[in-house]
Amino acid sequence: MRYLNLKLENSKFMMIHLKPNSSDPLEHSHGNDFQMSIPLFGSTFIEINNKTVILEKQHRFITAPGEKHIHFTDKDEGKVLLINIKKEFLEKVYFERLAGQSNEISFSSINVGSSELFIKIAETAVRQNLFGNTNKIEIQQLEWELANLVFSQHEGPHNELWRKEVTLPNHPLLKRVVDFIHEQYNSEITLDQLSEESGISRFYFLRLFKEVTGFTPSQYITKVRLDHSVNLLKHTKKDITMIAYEVGFGSLGSFERAFKKRFGINASEFRKKINH
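Quick note: the sequence shown, position 244, residue 244 per UniProt numbering, numbers continuous.
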């Protein structure tokens, strides 16, 4: 039984729970997607290319685009996290990471090691969408992080080039990007816009921005928006909902969660304290 099916722009997160002696409805493939099968508990098998493989703990199994397969159980139930990621998106990330080099994307079917980071990304994606407080740049960051993890944690022809340290280009503390955020904080800001302002690829932009500022781009944008909200709370009598939208949040709920996470109290409590 599938009880999670979250689709993003370049990836999809699913979870299946198979009872004993059960299987996927049909043998199937996933078009132009790679799919990772990550066992969470129990005992699950996958049949592919006339071979049967058990999904063992600390293993991840990757099916390539077009490969037909089916998950099934024997006498024990099993729960599996499935993560799909589009081949063309992986090609795009690879091309940007390696400054224009291209290569056929493929991975070893069985990969050994902890899946904790993949599970964490899935949990983050579900949590963000559950509360409805995602914005475009957070989703883009999440998917680029997922792609980086796929390349870093799985064996394939990319390994030697991918794992080779590449020197980041010199950049004056990303001043243009920071200025852009401070000017456009109350509008929707995308990763493409910030990367374009920086003059470097998205892959390096994300890495360099975090190294220089200590924040991810979305965290920094939230910080700037909250700073402006504090100023409005202190110096105006505007309604809190109005302030939330005025500084760039997509909903009152997302503003309140971000505000309380940073300051430990909600906006109305904050306003009461500064007025006493």
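Glycine included, each C-beta is placed from N, C-alpha and C at the ideal position.
Considering only the beta carbon of each residue, do F41 and D74 sit closer than 8 Å?
no
Rounded to the nearest angstrom, what separates S22 and H28 at their Cα positions?
In a straight line, the C-alpha of S22 is about 15 Å away from that of H28.
In this structure, how does DSSP classify T213 when only helix, strand and coil are distinguished?
helix
Identity of the residues DSSP links to L4 by a beta bridge:
M15
Buried or exposed by the 16-neighbour rule on C-beta atoms within 10 Å, applied to I274
exposed
Could you give the residue range of the beta strand (DSSP E) that holds N84?
69-86
Using a Cβ-Cβ cut-off of 7 Å (strictly less than) and excluding sequence neighbours within five positions of F228, which residues of its own chain qualify?
In the sequence on display, residue 228 carries His and not Phe. Taken in chain order, the residues that qualify are Y185, V247.
Separation of R97 from E165, as counted between CA atoms
Low confidence applies here, because E165 scores a pLDDT of 49, under 50, leaving its location unreliable and the question unanswered by this model.
By the 10 Å Cβ neighbour count, where 16 or more other Cβ atoms means buried, how is M242 classified, buried or exposed?
exposed
According to DSSP, simplified to helix, strand and coil, what is G113?
coil
Where V247 falls: helix, strand or coil (DSSP)
Residue state, collapsed to three classes: coil.
Could you check the C-alpha separation between G253 and T124 for me, to the nearest Å?
17 Å
Bounding residues of the beta strand (DSSP E) (the contiguous stretch that carries Q35)
33-48
Cα separation between K223 and P217?
10 Å
Thinking C-beta only, is V93 closer than 8 Å to L55?
No, they are not a contact pair.
Going by Cα to Cα distance, which pick from H154, E196, N231 is closest to F61?
When only C-alpha atoms are compared, the closest one is H154.
S108 (DSSP reduced to helix, strand or coil)
coil
Can you name the start and end residues of the alpha helix (DSSP H) that I137 belongs to?
136-153
What does a CB cutoff of less than 7 Å around N266 pick up in its chain, not counting 5 residues either side in sequence?
E256, F259, K260
Those residues which DSSP pairs with I54 across a bridge
Bridge partners of I54 according to DSSP: F45.
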